[in-house]
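*Asks:*
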Amino acid sequence: MSENDPGDGTEAKRAEAEPERAEGPVSVAPASEGAKRDLRDKAVRAAGWTIAAGLLARVLGVLGSLGITYFLSPEAIGDVQIAVIICFSANQFTLLGYGQYLVAKPDEGRDTVFHVTVLHLALGALAFAATLALGLPLSWAFHAPTLMKYLPWMLIAAGLERLYFVPERVLIRELDFPRVAVARSMSELAYTFSSVALAFAGFGGMAILYGNIIRGLVRLVITTRFVPRAEWLTPTKLRWDVYRRILQFGLPPGVSQSLAFANTRFDTLLLKRSFGTAVICRPMRPRMTL
Numbered sequence: 000m001s002e003n004d005p006g007d008g009t010e011a012k013r014a015e016a017e018p019e020r021a022e023g024p025v026s027v028a029p030a031s032e033g034a035k036r037d038l039r040d041k042a043v044r045a046a047g048w049t050i051a052a053g054l055l056a057r058v059l060g061v062l063g064s065l066g067i068t069y070f071l072s073p074e075a076i077g078d079v080q081i082a083v084i085i086c087f088s089a090n091q092f093t094l095l096g097y098g099q100y101l102v103a104k105p106d107e108g109r110d111t112v113f114h115v116t117v118l119h120l121a122l123g124a125l126a127f128a129a130t131l132a133l134g135l136p137l138s139w140a141f142h143a144p145t146l147m148k149y150l151p152w153m154l155i156a157a158g159l160e161r162l163y164f165v166p167e168r169v170l171i172r173e174l175d176f177p178r179v180a181v182a183r184s185m186s187e188l189a190y191t192f193s194s195v196a197l198a199f200a201g202f203g204g205m206a207i208l209y210g211n212i213i214r215g216l217v218r219l220v221i222t223t224r225f226v227p228r229a230e231w232l233t234p235t236k237l238r239w240d241v242y243r244r245i246l247q248f249g250l251p252p253g254v255s256q257s258l259a260f261a262n263t264r265f266d267t268l269l270l271k272r273s274f275g276t277a278v279i280c281r282p283m284r285p286r287m288t289l
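Numbering follows numbering that gives the first Met the number 0, with no gaps: position 148 of the sequence shown is 147.
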């Protein structure tokens, strides 16, 4: 018995209650280190997939452009290009940066994703309806009498892109870039082969539009197959505070992207209005030497 023990066994009871301490320093690796390492490796692999898919898409795009410009006249390509710019301008100017919000906030639940889905589809429907209604005035403004022939078909292609936008952002925020790369590469491949084949078959400018629709369908089917419907279409009560949070984050980058889009596309509309359709695409047409 020690001299600090009062004799009633208190010290022995205290020793039994205290957990046994290991002798010497105990080194425990933080659990977060392994998670950080896994995330870093996943990001590196994702970057590799993104670069590879981008290169493949560019190569396929160049091959498709060469084939189309060989089989179609500059006038036909220029008329279709006006429809493409108008439709995708309506699409781009109604994105509002909520795609960046989904990617930057991977912890947001299905309710927030559903809010984005509703906003995205509603804005797209309004923008495309307005574009179709303004088709005739736009055809007069840009001296494009065949615009109304192409505009409805291009709006279908833009609508398909609108449909797979949110599911694709779900894949991106999960760093599932291999599946994103598969969807994009297969859709570009489908566009290249279909548009060139249809141009060769004599479909004229409609070959480009049908190719865009086929590309959108392929990308929509593959993307939605990878992403469960519940991830982006689980109904929930819509709340203004959620939309305010999304738009406060997304509007600045959304406006920036829209201005960048206008900077690279609207000059074509001005050229068309000033010099005609053929001037737009004449430098693109490949020269064949015998």
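Note that CB positions come from ideal geometry on N, CA and C, so glycine has one too.
Glycine 204: which of Ile81, Ser138, Leu162 and Thr93 sits nearest, CA to CA?
*Replies:* Counting from one through the sequence shown, the residue named residue 204 turns up at place 205. The residue with the shortest Cα to Cα distance from glycine 204 is Ile81.
*Asks:* Please classify serine 194 as buried or exposed, where buried requires at least 16 other C-beta atoms within 10 Å of its C-beta.
*Replies:* Here residue 194 refers to the residue found at position 195 of the sequence shown. By the 10 Å Cβ count, serine 194 comes out buried.
*Asks:* Between which residues of its own chain and leucine 59 is the CB-CB distance below 7 angstroms, once the five residues before and five after are set aside?
*Replies:* Against the sequence shown, residue 59 aligns to sequence position 60. Counting only Cβ-Cβ distances below 7 angstroms, and skipping sequence neighbours, we find Glu187, Leu188 and Thr191.
*Asks:* Report yes or no: is there a C-beta of chain C within less than 8 angstroms of the C-beta of glutamine 256?
*Replies:* You won't find chain C in this structure, because it holds only one protein chain.
*Asks:* Mind checking whether glycine 249 and leucine 95 have CB atoms under 8 angstroms apart?
*Replies:* Mapped onto the sequence shown, residue 249 falls at position 250. Mapped onto the sequence shown, residue 95 falls at position 96. In this structure, leucine 95 lies closer than 8 angstroms to glycine 249 by Cβ.
*Asks:* Pairs of beta-carbons, one from the region 100-120 and one from the region 65-76, closer than 8 angstroms: are there three or more?
*Replies:* With a cut-off of 8 angstroms, the region 65-76 and the region 100-120 do not count as touching, because too few Cβ pairs lie within range.
*Asks:* Out of Phe127, Arg183, Leu62 and Ala128, which has the shortest C-alpha to C-alpha gap to arginine 214?
*Replies:* The residue you call residue 214 lines up with position 215 of the sequence shown. Ranking the options by Cα distance to arginine 214, first place goes to Arg183.
*Asks:* Measure the beta-carbon distance from phenylalanine 113 to threonine 222 and round it to whole angstroms, keeping in mind my assumption that it falls under 8 angstroms.
*Replies:* Here residue 113 refers to the residue found at position 114 when the sequence shown is read from its first residue. Here residue 222 refers to the residue found at position 223 when the sequence shown is read from its first residue. Actually they do not touch by this definition, with Cβ atoms about 17 angstroms apart.
*Asks:* Candidates Leu54, Val79, Arg57 and Gly98: which alpha carbon is nearest proline 251's?
*Replies:* Taking the first residue of the sequence shown as 1, we reach residue 251 at position 252. When each option's Cα is compared against that of proline 251, the closest is Gly98.
*Asks:* Once you ignore the five residues that flank phenylalanine 260 on each side, which residues in its own chain have a CB closer than 6 angstroms to its CB?
*Replies:* Stepping through the sequence shown from its first residue, residue 260 is reached at position 261. Within the same chain, phenylalanine 260 has close Cβ partners Gln91.
*Asks:* Decide if serine 88 is buried, meaning its Cβ has at least 16 other Cβ atoms within 10 Å, or exposed.
*Replies:* As a first step, residue 88 must be located in the sequence shown, where it is residue number 89. By the neighbour-count rule (16 or more Cβ atoms within 10 Å), serine 88 is buried.
*Asks:* Hey, how far is the Cα of valine 217 from the Cα of threonine 267?
*Replies:* Translated into positions along the sequence shown, residue 217 becomes position 218. Translated into positions along the sequence shown, residue 267 becomes position 268. Answer to the nearest angstrom: the Cα atoms are 28 angstroms apart.
*Asks:* Is it right to say tryptophan 231 is buried, meaning 16 or more other beta carbons lie within 10 angstroms of its own, or is it exposed?
*Replies:* Residue numbering aside, residue 231 sits at position 232 when the sequence shown is read from its first letter. When all chains shown are included, tryptophan 231 counts as buried.
*Asks:* My assumption, with CB atoms under 8 angstroms, is that leucine 154 sits in contact with phenylalanine 127. Please give the rounded CB distance.
*Replies:* Here the question's residue 154 lines up with position 155 in the sequence shown. Here the question's residue 127 lines up with position 128 in the sequence shown. Yes, they are in contact, since the Cβ atoms of leucine 154 and phenylalanine 127 sit about 5 angstroms apart, within 8 angstroms.
*Asks:* Curious, which full-length alpha helix (DSSP H) runs of at least 4 residues does the region 120-165 contain?
*Replies:* 134-140
*Asks:* Quick one: measure Cβ to Cβ for lysine 271 and alanine 143, integer angstroms, because I've assumed they're closer than 8 angstroms.
*Replies:* Here residue 271 refers to the residue found at position 272 when the sequence shown is read from its first residue. Here residue 143 refers to the residue found at position 144 when the sequence shown is read from its first residue. Between alanine 143 and lysine 271 the Cβ distance is about 7 angstroms, and since that is below 8 angstroms, they are a contact.
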